[in-house]
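One structure below.
Residue numbers (the numbering used here): 15 to 234.
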């Protein structure tokens, strides 16, 4: 099994080829492209070539599966009677192959239950030491733990800071239009939504809790 420090994980959701997604695709070199079941069809439509496909194979097009098998692509087939979703199994497989930087594509879509569960997968214990971004269209979503985190972007980009799994305490921001100074973001109120980067050195620092960060290129 080869070691891949970077992985592009493709789920079986909808995808919009905005700036954030294009940036991931353009930097595919040396990354493992690993797909969750029907995510292989999505990957091929984006011009990505699956190296591994994981899942119960109930959503991948039969012709795609046959073609990939003929091409020697590794297929990891699981029973449909399982506790994990195909995307969860795919993320675990990416980590098992050495990935510590992971970009997840096509994990958002029409089904709210799938979208929410896919966002919650960012908190998997196996991903705790990884940099994981869920990317769609112009947006990138990731989980942050206590400490200081740069908010890479340009003036006018939108950033939402959402307390996740509990309140976030001791939060201070720099380079955002609506600053926070050693404050608490509580679960429920939407105070951290739709802030705006106004400095090339924007960052957020906090002392406790888990923060979901959503960065949108340009005005949301």
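Every residue gets a Cβ at the ideal spot worked out from N, C-alpha and C, and that includes glycine.
No experiment lies behind these values; they were computed from the predicted model shown.
*Looking at C-alpha atoms only, which residue of 223, 74 and 23 is the closest neighbour of residue 104?*
Residue 23 is the option with its Cα nearest to residue 104.
*Please state if the CB of residue 219 and the CB of residue 170 are separated by a distance shorter than 8 Å.*
Cβ distance not < 8 Å, so residue 170 and residue 219 don't count as in contact.
_Contact the segment 134–145 vs the segment 188–201: 3+ CB pairs below 8 Å_ = Too few Cβ pairs lie closer than 8 Å, so no.
*Using only alpha-carbon positions, find the residue among 57, 91 and 52 that is nearest to residue 73.*
The option with the nearest alpha carbon to residue 73 is 52.
_Taking the straight line between their C-alpha atoms, what separation do you get for residue 47 and residue 167?_
Each residue's alpha carbon lies about 26 Å from the other.
*Quick one: measure Cβ to Cβ for residue 148 and residue 133, integer angstroms, because I've assumed they're closer than 8 Å.*
Between residue 133 and residue 148 the Cβ distance is about 7 Å, and since that is below 8 Å, they are a contact.
*Classify residue 96 as helix, strand or coil using the three-state DSSP reduction.*
DSSP places residue 96 in coil when its eight states are reduced to three.
*Do the segment 59–73 and the segment 121–129 make contact, defined as three or more Cβ pairs closer than 8 Å?*
Not touching, per the Cβ criterion.
*the segment 34–50 in contact with the segment 98–113 per 3-pair CB rule at 8 Å*: Touching, per the Cβ criterion.
*Determine the closest residue to residue 222 out of 121, 34 and 179, with distance taken between C-alpha atoms.*
Ranking 121, 34 and 179 by Cα distance to residue 222 puts 179 first.
*Per DSSP, what kind of secondary structure is residue 84 in: helix, strand or coil?*
In the structure shown, residue 84 adopts helical secondary structure according to DSSP, grouped into three states.
*In three-state DSSP terms, what is residue 136?*
Assigned with DSSP and collapsed to three states, residue 136 falls in helix.
*Taking the alpha carbon of residue 36 as the point to measure from, which residue in 153, 229 and 76 has its own alpha carbon closest?*
Residue 36 has its Cα closest to that of 153, out of 153, 229 and 76.
*Is DSSP giving residue 62 helix, strand or coil here?*
Residue 62: coil per DSSP, three-state reduction.
*Please name the residue, chosen from 79, 85 and 139, that lies closest to residue 91 on a Cα-to-Cα basis.*
For the residues 79, 85 and 139, the minimum Cα distance to residue 91 belongs to 79.
*Mind checking which residues open and close the alpha helix (DSSP H) that includes residue 44?*
Counted as a single uninterrupted DSSP element, the stretch harbouring residue 44 is not any alpha helix (DSSP H), since DSSP gives it neither H nor E.
*Pick out the complete beta strand (DSSP E) segments inside the segment 105–191, 3 residues or longer, and give them in chain order.*
For the segment 105–191, the full-length beta strand (DSSP E) segments reaching 3 residues or more read 115–119, 145–150, 153–158, 161–164 and 172–188 along the chain.
*Buried or exposed: residue 215, going by 16 or more other Cβ atoms within 10 Å of its Cβ?*
An exposed status is given to residue 215, since fewer than 16 other beta-carbon atoms sit within 10 Å of its beta-carbon.
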